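Numbering (the numbering used here), first residue to last: -12 to 211.
Notes to accompany the following structure.
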Amino acid sequence: MPTSRRRYRRRPTRPAARPDRERSRRRRALRRRGCGCWLLLFLALLAALWAWARPPRLRRLFSPGPRAIIIHHSASPPSVDGRPIDAEAIDAMHARRGFRTVYRGKVYHIGYHYVVLQDGTVQPGRPEGCIGAHARHLNDRSLGLCLVGNFSRAENPHGRQGPVRPPAAQLAALTDLCVRLARKYGISPRQVYRHSEVGQTACPGDGFPWREFQETLRQRLREP
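Here's what the structure looks like:
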């Protein structure tokens, strides 16, 4: 019995790609990839430039919060003509220097976030969420704490403007304040600076017991 044979049609084979066509195709693919990489790099540089140049309010908006604490002194006696140097007096002094910001509808002139008097009283300055005006390049990511007094031996020889070393009550109040803020914002003792460490100044003076203060701060922040 004759068997039927199936006839299979051969599929037409594509002609082999020419070497020059293959090379041009690869070049186009590489060119597209290169354009994409350059575009991503340009966008990254543009974002970095915008982040650096954007207004301070936007910097604080996009930042996780203060990352440092900066210690200052008022470089003044505790009182002048019988009037105490406190947060209100510093606010007036900073107003005369042109300091001004508006935060949640209220005007602030004082550049610090807290003022610590020599008797240990802690007075608020600008709110913690408001950018300070105390350390030029770190204002948007730091809190400024000011001790009332002049603790520079050169500017306050023989204690003519009050004690050259902060009184014990003032130091204790400053330590408590730093511990509270450090725990609140996750700031380590190494991120607590003197103004002189971040700016061209002698503030808070060579009479400030910095090593003693730092050691106490480290011990306190190791506490549970």
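Where is the CB? At the ideal position from N, CA and C, for every residue including glycine.
Since this is a predicted model, take the numbers as computed values, not measurements.
Paired residues, beta bridge with residue 124 - DSSP
Working through the sequence shown from its first residue, we reach residue 124 at position 137. DSSP lists no partner for residue 124.
In three-state terms, what does DSSP make of residue 117?
Walking along the sequence shown from the start, residue 117 turns up at place 130. The answer is coil: DSSP assigns residue 117 none of H, G, I, E or B.
For residue 74 and residue 136, which I take to be in contact (beta-carbon distance under 8 angstroms), what is that distance rounded to the nearest angstrom?
Translated into the one-based positions of the sequence shown, residue 74 becomes position 87. Translated into the one-based positions of the sequence shown, residue 136 becomes position 149. About 14 angstroms; that fails the 8 angstroms criterion.
Residue environment, residue 139, which counts as buried when at least 16 other CB atoms sit within 10 Å
Here residue 139 refers to the residue found at position 152 when the sequence shown is read from its first residue. Counting Cβ neighbours within 10 Å, residue 139 comes out buried, since at least 16 surround it.
Burial state of residue 68, where buried means 16 or more other Cβ atoms lie within 10 Å:
Here the question's residue 68 lines up with position 81 in the sequence shown. Residue 68 is exposed by the Cβ-count criterion.
With a 10 Å radius around its C-beta and 16 neighbouring C-beta atoms as the bar for buried, classify residue 121 as buried or exposed.
Within the sequence shown, residue 121 is the residue found at index 134, counting from 1. Residue 121 is buried by the Cβ-count criterion.
Quick check on the DSSP output: the alpha helix (DSSP H) that includes residue 139 runs from which residue to which?
Taking the first residue of the sequence shown as position 1, residue 139 is located at position 152. Per DSSP, residue 139 belongs to no alpha helix (DSSP H) and is neither H nor E.
Should residue 212 and residue 149 be called a contact, given that it needs their Cβ atoms to be closer than 8 angstroms?
Any answer about residue 212 is impossible in this case: the structure gives the chain only from -12 up to 211.
Candidates 164, 88, 186, 110: which alpha carbon is nearest residue 118's?
In the sequence shown, counting from the first residue as 1, residue 118 sits at position 131. With distances taken between Cα atoms, residue 118 lies closest to 88.
What does DSSP give as the partner residues of residue 133 in its beta bridges?
Numbered from 1 along the sequence shown, position 146 holds the residue referred to as residue 133. Bridge partners of residue 133: 59, 102.
Measure from the alpha carbon of residue 134 to the alpha carbon of each residue in 174, 28, 185, 100, then state which is nearest.
Locating residue 134 in the sequence shown gives position 147, where the first residue counts as 1. Here the closest residue by C-alpha is 100.
Distance between residue 58 and residue 195 (C-alpha atoms, nearest Å)
Residue mapping note: residue 195 aligns to position 208 of the sequence shown, counting from 1. Residue mapping note: residue 58 aligns to position 71 of the sequence shown, counting from 1. Each residue's alpha carbon lies about 10 angstroms from the other.
Taking residue 182 as the reference, which of 55, 81, 28, 30 has the closest Cα?
Within the sequence shown, the letter at position 195 stands for residue 182. Out of 55, 81, 28, 30, 55 has the C-alpha closest to the C-alpha of residue 182.
Residues in its own chain within less than 7 angstroms of residue 96 by CB, not counting five upstream and five downstream?
By one-based count along the sequence shown, residue 96 stands at place 109. Same-chain partners within the cutoff: 78, 81, 82, 86, 87.
Enclosing beta strand (DSSP E) for residue 110 [first to last residue]:
Against the sequence shown, residue 110 aligns to sequence position 123. It spans 109 to 111 - the beta strand (DSSP E) in which residue 110 sits, taken as one unbroken run.
Residue 171 to residue 115, Cα distance in whole Å?
Counted from its first residue, the sequence shown places residue 171 at position 184. Counted from its first residue, the sequence shown places residue 115 at position 128. Distance between the alpha carbons of residue 171 and residue 115: 11 angstroms.
Keeping to the same chain, check which residues put their C-beta closer than 6 angstroms to that of residue 189; ignore five residues upstream and five downstream.
As a first step, residue 189 must be located in the sequence shown, where it is residue number 202. Excluding positions up to five away in sequence, the list reads 139, 183.
Check residue 166 in the structure and name its three-state DSSP category.
Taking the first residue of the sequence shown as 1, we reach residue 166 at position 179. Note: residue 166 maps to helix in three-state DSSP.
Where residue 144 falls, given that 16 or more other Cβ within 10 Å makes a residue buried:
By one-based count along the sequence shown, residue 144 stands at place 157. Answer is exposed; the Cβ neighbour count stays below 16.
Given residue 128, which residues of its chain have a CB within under 7 angstroms of its CB, disregarding the five upstream and five downstream residues?
Here residue 128 refers to the residue found at position 141 when the sequence shown is read from its first residue. Within the same chain, residue 128 has close Cβ partners 50, 53, 54, 55.
From residue 64 to residue 187, what distance separates their C-alpha atoms?
As a first step, residue 64 must be located in the sequence shown, where it is residue number 77. As a first step, residue 187 must be located in the sequence shown, where it is residue number 200. About 22 angstroms.
May I have a chain-ordered list of the alpha helix (DSSP H) segments no shorter than 4 residues that lie completely inside the stretch 166 to 195?
182 to 185
With residue 94 as the anchor, note down where its beta strand (DSSP E) starts and where it stops.
As a position in the sequence shown, residue 94 is number 107, starting the count at 1. 93 to 95 is the extent of the beta strand (DSSP E) around residue 94.
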